[in-house]
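Residue numbers (our numbering), protein chains in the order written: chain Y, 2 to 185; chain E, 3 to 763.
We put the beta carbon where it would ideally sit given N, CA and C, even for glycine.
One structure below.
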Amino acid sequence: MSLLLAIVIIGVLASCFGALIGFASVKFKVEGDPLAEQIDALLPQTQCGQCGYPGCKPYADAVANGEAINKCAPGGDDTIKKIADLMGVEAQALDESHQTDNTPKVAFIIEEDCIGCTKCIQACPVDAIIGTTKQMHTIISDECTGCDLCVAPCPVDCIIMMPIAKNTRNWQWDLNSIPVEQIS
Amino acid sequence: MESVIERIEQGKFWKFHGGIHPPQQKFLSTDKPIRQLPLPELLRIPVQQHIGEPGDILVTVGDKVLKGQALTVANHPMVVPVHAPTSGTITAIEASVIAHPSGLSELCIFLKPDGEEKWRDREICPDYQQLSKNDLIDKIAQAGISGMGGAGFPSHIKLNTAAQINYLIINAAECEPYITADDLLIREQCAAILDGIKILDNILAPAFILIGIEENKPEAIQALKNATKTIDKIKVCVLPVIYPTGGEKQLIQVLTGKEVPSGTLPSALGIVMHNIGTCFAIADAVINDIPLIKRVVTVTGKSVAKPQNVWALIGTPVEFLLQQCGCQQGNKKHIIMGGPMMGFSLPSFTVPVVKTTNCILAPDEAEIPDNDQEVECIRCGQCADVCPSQLLPQELQWSAKAHDHQALNDLNLFDCIECGACAYVCPSHIPLVHYYRVAKAEIRQQTLLDIKAEKAKQRFEARKIRLEREKLAREEKHRKAAEARKARMNSGTAEANNEKSAVAAALARVKAKKAQEKDTNNDVTASDTSVGSPQEIEKTDKKSQVAAAIARAKAKKLAAQTAPNTESNKSTQSSNVIAEAVNNADNSSKAAEGEITDSTSVINTNVIKDIEKPSELSKKDKIAVAIAKAKAKKRATEAKPLKNEPPEDLLSEKPSNDEPDSQIVTNSTNKTEQQVKEQALSPDDIKKAKIAAAIAKAKAKKRQTTESIINNEIPDDNEQRNESAEKEIQTATQGESLDKNARIAAAVAKAKAKKQQESKN
Numbered sequence: 002m003s004l005l006l007a008i009v010i011i012g013v014l015a016s017c018f019g020a021l022i023g024f025a026s027v028k029f030k031v032e033g034d035p036l037a038e039q040i041d042a043l044l045p046q047t048q049c050g051q052c053g054y055p056g057c058k059p060y061a062d063a064v065a066n067g068e069a070i071n072k073c074a075p076g077g078d079d080t081i082k083k084i085a086d087l088m089g090v091e092a093q094a095l096d097e098s099h100q101t102d103n104t105p106k107v108a109f110i111i112e113e114d115c116i117g118c119t120k121c122i123q124a125c126p127v128d129a130i131i132g133t134t135k136q137m138h139t140i141i142s143d144e145c146t147g148c149d150l151c152v153a154p155c156p157v158d159c160i161i162m163m164p165i166a167k168n169t170r171n172w173q174w175d176l177n178s179i180p181v182e183q184i185s
Numbered sequence: 003m004e005s006v007i008e009r010i011e012q013g014k015f016w017k018f019h020g021g022i023h024p025p026q027q028k029f030l031s032t033d034k035p036i037r038q039l040p041l042p043e044l045l046r047i048p049v050q051q052h053i054g055e056p057g058d059i060l061v062t063v064g065d066k067v068l069k070g071q072a073l074t075v076a077n078h079p080m081v082v083p084v085h086a087p088t089s090g091t092i093t094a095i096e097a098s099v100i101a102h103p104s105g106l107s108e109l110c111i112f113l114k115p116d117g118e119e120k121w122r123d124r125e126i127c128p129d130y131q132q133l134s135k136n137d138l139i140d141k142i143a144q145a146g147i148s149g150m151g152g153a154g155f156p157s158h159i160k161l162n163t164a165a166q167i168n169y170l171i172i173n174a175a176e177c178e179p180y181i182t183a184d185d186l187l188i189r190e191q192c193a194a195i196l197d198g199i200k201i202l203d204n205i206l207a208p209a210f211i212l213i214g215i216e217e218n219k220p221e222a223i224q225a226l227k228n229a230t231k232t233i234d235k236i237k238v239c240v241l242p243v244i245y246p247t248g249g250e251k252q253l254i255q256v257l258t259g260k261e262v263p264s265g266t267l268p269s270a271l272g273i274v275m276h277n278i279g280t281c282f283a284i285a286d287a288v289i290n291d292i293p294l295i296k297r298v299v300t301v302t303g304k305s306v307a308k309p310q311n312v313w314a315l316i317g318t319p320v321e322f323l324l325q326q327c328g329c330q331q332g333n334k335k336h337i338i339m340g341g342p343m344m345g346f347s348l349p350s351f352t353v354p355v356v357k358t359t360n361c362i363l364a365p366d367e368a369e370i371p372d373n374d375q376e377v378e379c380i381r382c383g384q385c386a387d388v389c390p391s392q393l394l395p396q397e398l399q400w401s402a403k404a405h406d407h408q409a410l411n412d413l414n415l416f417d418c419i420e421c422g423a424c425a426y427v428c429p430s431h432i433p434l435v436h437y438y439r440v441a442k443a444e445i446r447q448q449t450l451l452d453i454k455a456e457k458a459k460q461r462f463e464a465r466k467i468r469l470e471r472e473k474l475a476r477e478e479k480h481r482k483a484a485e486a487r488k489a490r491m492n493s494g495t496a497e498a499n500n501e502k503s504a505v506a507a508a509l510a511r512v513k514a515k516k517a518q519e520k521d522t523n524n525d526v527t528a529s530d531t532s533v534g535s536p537q538e539i540e541k542t543d544k545k546s547q548v549a550a551a552i553a554r555a556k557a558k559k560l561a562a563q564t565a566p567n568t569e570s571n572k573s574t575q576s577s578n579v580i581a582e583a584v585n586n587a588d589n590s591s592k593a594a595e596g597e598i599t600d601s602t603s604v605i606n607t608n609v610i611k612d613i614e615k616p617s618e619l620s621k622k623d624k625i626a627v628a629i630a631k632a633k634a635k636k637r638a639t640e641a642k643p644l645k646n647e648p649p650e651d652l653l654s655e656k657p658s659n660d661e662p663d664s665q666i667v668t669n670s671t672n673k674t675e676q677q678v679k680e681q682a683l684s685p686d687d688i689k690k691a692k693i694a695a696a697i698a699k700a701k702a703k704k705r706q707t708t709e710s711i712i713n714n715e716i717p718d719d720n721e722q723r724n725e726s727a728e729k730e731i732q733t734a735t736q737g738e739s740l741d742k743n744a745r746i747a748a749a750v751a752k753a754k755a756k757k758q759q760e761s762k763n
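This is the structure in structure tokens:
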């Protein structure tokens, strides 16, 4: 008798909790992949496509599904380290095939050479180029992510990538250049 | 509030955490009055000398300006204008090294004084009490006044607060060693300072005005006490000497016992603080209409023979001040702007004095020894004991070295006022403040990057949505157009029927073409043997007809162009040639109907004859001929792979393999170009010729690729042609006076070549 009672009680409890879990999985379902979102937040959002994916979000999705974490050239080692921390995996060196010079740059159009073909405008992933057919184009340098994608399509090679100039606003203190002052 | 005032009246004050007692060294410069200096030879006025944005420049190089004339104008609330410190000429507006520890250059206005000191028109305001609050704030903003204590925050922003102000605190603590600028200013200009304080009182209407001053300035304290004797509202608070009493948050805590919470402004507690130097500048600006063009600077240190306070015009080079005060050349190795605790070493001695420069310190070796070697932290905890912001300097230092931004934020790095007390007491000589500065700059930079990344992400997403929307719109448009067409066709009118039959015919044609292409593709591998299969003949026939039609049209056009402006023999001759070319084209099409070999040979021989003959042809005609020739060659190459019989023998007297033929093609195009170049006489012609050449080149290339698709057996040949095509492009682009059209043509040709290479690969 007591055996039966135990089975019944455990059975009822199991079905109750099962129903509860079932309800929760429907009610509190998470849309999208939260891990991909978190990875996306760590990526530099240059949308350069150097990783082989058409933008940072697709690469984040791929990393969440097991793609190598060391393909983001603009992010460099810092980004790899952050992703490694997030995913709980070992940080790796930047993939050699993606190794590039990642000093921050912005595109610049040599305006007298521009023929107004709009090819760069179509290539820009963040709409940072202004211009229209047969009119000179120019770059909104504040919006440019320095992704390089506009350089290749230009038929007259009038787009160059320029490193961002140092000024007092983005200057980083360099300890070696500052003498230490101590008064006696 | 009452208890605060009671305590102050009893001479009791609160204490802030920590603090140090460095040697004051103020005696060096306290015993001499503020000295007026002669005009320097050149003033460099940085456009931005405050926290915020630079203004728009009003002057141009060569302008004569009067003393006090505005050089920049505010276009934004956070802009503080700068003014001409004396009359003279603007000699340059360019980047120059400014007073910043980085030694970077920023935009400066160079003013060469003329020595006349001629003022602009000024309006003396006899009674500022009649002015409204907004007028007063506006006057202060126009006079270019920013905080003169060190940070350089725009004063009008601080004054334009909506909060109810309980205490206006005037900061005269001047706690940093060596500096005596405020001390001397109070002694000499007490009345003006009092006017400034009254103006601030008018604007802010505080309950009490507290003047915080350290007890090491007895003469200044006496002067202030005398001046404010009759005013109940103003309390002169004599404070014990502890560095850094003059810090904003520290002074507030000492005077009122309130701590300003992290991340909030003092105005949230009903407190506003101004430097005493700012009060003087405000009085000058409101009453005398004198903008901020000069300030008191303490030039001191043991390397200076005559340490003294001076009135320095904004923009005066530091070098000039040191010379005037007798600093020996040899000791200039280490000059500090600001005090020894919070100042920075100057990168260059041409750096100008700005609105926040209160001290130029030229110490000798004994005062500030060269770098002591930094050694490991011994965890003594002295830095935490002296930190006025109650931070944990040693932990901050570890996190800063590890670049752990999260930990730095958790340790409240941004509450650090960089007073240098921790570095001063550190027995391991760790330059703690410098580590914090580096870390702060890194975090700020990272924040900027994060903001930029977020913006880029949004723009990327927005673009994706836009492209998607446009695609849908296009599809919708096409669908609607198709529906409309269908409806029209099914309406049953005669027109609709015509259209229907036309569409049906077109569809049939397309089908037939497709079938043909399939056949030819199948035949290509076997084309060596299957010489005259009916489909092939039909196809080439069609192509030659089209080419002939184009050639005819072009020739006609040219004839039409040449006809109106010539009646001479030349023109008739040339038109004869053109006619001949047209005939050739016709012939070729006719011949093609029968026998392909004939057509190509006829075309080639005829054209070559034509080309060699006319030395007296006009330019345009020559170009036309060249184009026709190029086309003929193309036809020849196009016909040949299909039919590998030796018609080329007729034309080139060479064995029938592919390479020599391709050379002929390239030769011909080269020749075309040569011809074109030889004719380069007037710019108009150059332009037209170049465009024509580019078009010819592009077409030749197109031919090559179609050919290579049809006949995959000759890769070497193709490469060679591409090379030569590239060479042509290079020569074309290297042309001396390429105008835009030519460049466009070249670009088009290049783009096509690129595309073809890609499709080939």
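Between the Cα of Thr139(Y) and the Cα atoms of Leu150(Y), Pro126(Y), Pro154(Y) and Ile160(Y), which residue gives the shortest distance?
Taking only the C-alpha atoms, the option nearest Thr139(Y) is Ile160(Y).
For Tyr437(E) and Pro179(E), I'd like the C-alpha separation in whole angstroms.
Approximately 23 Å, taken between the alpha carbons.
Just to confirm, are Lys106(Y) and Gly147(Y) a CB contact at a threshold of 8 Å?
The answer is yes: Cβ separation under 8 Å.
Under 8 Å between C-beta atoms, does Arg465(E) make it to chain Y?
By this cut-off, Arg465(E) is an interface position.
Which of helix, strand or coil DSSP assigns to Val262(E)
Three-state DSSP puts Val262(E) in coil, outside helix and strand.
Could you spell out where the alpha helix (DSSP H) holding Cys385(E) opens and where it closes?
Where Cys385(E) is concerned, the enclosing alpha helix (DSSP H) stretches over Gln384 to Val388.
Leaving aside the five residues before and after Ile139(E) along the sequence, list all residues of the same chain whose C-beta is less than 8 Å from its C-beta, in chain order.
Closer than 8 Å at the Cβ level, and outside the excluded window around Ile139(E), lie His158, Leu161, Asn162 and Ile205.
Identify whether Pro268(E) lies in helix, strand or coil by the three-state DSSP scheme.
Of the three classes helix, strand and coil, the one that applies to Pro268(E) here is helix, per DSSP.
In three-state terms, what does DSSP make of Pro48(E)?
Strand.
May I ask you to list the residues that DSSP assigns as paired with Lys34(E)?
In DSSP, Lys34(E) forms no bridge with anything.
Hey, how far is the Cα of Thr62(E) from the Cα of Pro83(E)?
Spanning the two alpha carbons is a distance of roughly 16 Å.
Select from the segment 86–119 of chain E all residues with a C-beta closer than 7 Å to any C-beta belonging to chain Y, and list them in chain order.
Result list: His102, Pro103, Ser104, Leu106 and Glu108.
Rounded to a whole number of angstroms, what is the C-alpha to C-alpha distance between Ala69(Y) and Pro342(E)?
Going by the C-alpha atoms only, they are around 51 Å apart.
Is the shortest distance between the beta-carbon of Ser739(E) and the beta-carbons of chain Y less than 8 Å?
Its pLDDT being 48, under 50, Ser739(E) is placed unreliably in this model, and the coordinates cannot settle the point.
Can you pull the chain E neighbours of Gly56(Y), defined as C-beta to C-beta under 7 Å?
Within chain E, the residues near Gly56(Y) are Phe462.
Step through the CB atoms of chain E and report whether any lies within less than 8 Å of the CB of Thr133(Y).
Closer than 8 Å to the CB of Thr133(Y) there is not a single CB belonging to chain E.
Tell me whether Glu178(E) sits in a helix, a strand or coil according to DSSP, three-state version.
Here Glu178(E) sits in coil by DSSP.
So with CB distances below 9 Å, who are the chain E contacts of Lys167(Y)?
Chain-order list of chain E residues neighbouring Lys167(Y): Ser104 and Leu106, by C-beta distance under 9 Å.
Residue-chain proximity (Ile161(Y), chain E), Cβ-Cβ < 8 Å:
No - not a single Cβ of chain E is within 8 Å of the one on Ile161(Y).
Close-in-space but distant-in-sequence residues of the same chain around Ala105(E) (CB under 7 Å, 5 per side omitted)
According to the sequence provided, residue 105(E) is Gly. The question's Ala does not apply to it. Counting only residues of its own chain and dropping the five nearest sequence neighbours on each side, Gly105(E) has a CB closer than 7 Å to the CB of Val99, Pro349 and Ser350.
Nearest residue (CA-CA) to Glu176(E), options Phe18(E), Asp33(E), Thr300(E) and Phe462(E):
For Glu176(E), the nearest C-alpha among the options comes from Thr300(E).
Taking Cβ positions only, does Thr352(E) come closer than 8 Å to chain Y?
False, the Cβ-Cβ gap to chain Y never drops below 8 Å.
Give a yes or no on contact between the segment 115–130 of chain E and the segment 70–89 of chain E, applying the rule of three or more CB pairs nearer than 8 Å.
Contact between the segment 115–130 of chain E and the segment 70–89 of chain E is present: three or more C-beta pairs spanning the two stretches fall below 8 Å.
Would you check if the distance between the CB atom of Val243(E) and the CB atom of Ile254(E) is smaller than 8 Å?
The Cβ atoms of Val243(E) and Ile254(E) lie no closer than 8 Å to each other.
Gln27(E) (DSSP reduced to helix, strand or coil)
Coil, per DSSP.
Are the C-beta of Pro45(Y) and some C-beta of chain E separated by less than 8 Å?
At least one chain E Cβ lies under 8 Å of Pro45(Y).
Between the C-alpha atoms of Lys120(Y) and Ala25(Y), what's the straight-line distance to the nearest angstrom?
Rounded to whole angstroms, Lys120(Y) to Ala25(Y) spans 51 Å at the Cα level.
Within 10 Å of its beta-carbon, does Ile337(E) have 16 or more other beta-carbons around it, so buried, or fewer, so exposed?
With 16 or more other Cβ atoms from the protein chains shown falling within 10 Å of its own Cβ, Ile337(E) counts as buried.
CA-CA distance, Phe322(E) and Ile236(E)?
Cα-Cα distance, rounded: 39 Å.
Could you tell me which of Gly23(Y), Val27(Y) and Leu87(Y) sits nearest to Leu44(Y), measuring between CA atoms?
The option with the nearest alpha carbon to Leu44(Y) is Leu87(Y).
Taking buried to mean at least 16 other C-beta atoms within 10 Å of its own C-beta, is Pro164(Y) buried or exposed?
With fewer than 16 Cβ atoms within 10 Å of its Cβ, Pro164(Y) is classed as exposed.
How long is the line joining the alpha carbons of Gln399(E) and Val435(E), rounded to whole angstroms?
Taken atom to atom, the span from the alpha-carbon of Gln399(E) to that of Val435(E) is near 9 Å.
What's the gap between the Cα of Ile188(E) and the Cα of Gln51(E)?
Going by the C-alpha atoms only, they are around 24 Å apart.
Relative to the C-alpha of Ile172(E), which candidate in His276(E), Gly259(E) and Gln166(E) has its C-alpha closest?
For Ile172(E), the closest C-alpha among the options His276(E), Gly259(E) and Gln166(E) is that of His276(E).
When you compare only the Cα positions, how much space is there between Ser493(E) and Thr522(E)?
Near 41 Å, if we compare the C-alpha coordinates of Thr522(E) and Ser493(E).
Within 8 Å, strictly: CB atoms of Cys157(Y) and Ala751(E)
Note on residue identity: the sequence assigns Val, not Cys, to residue 157(Y). No.
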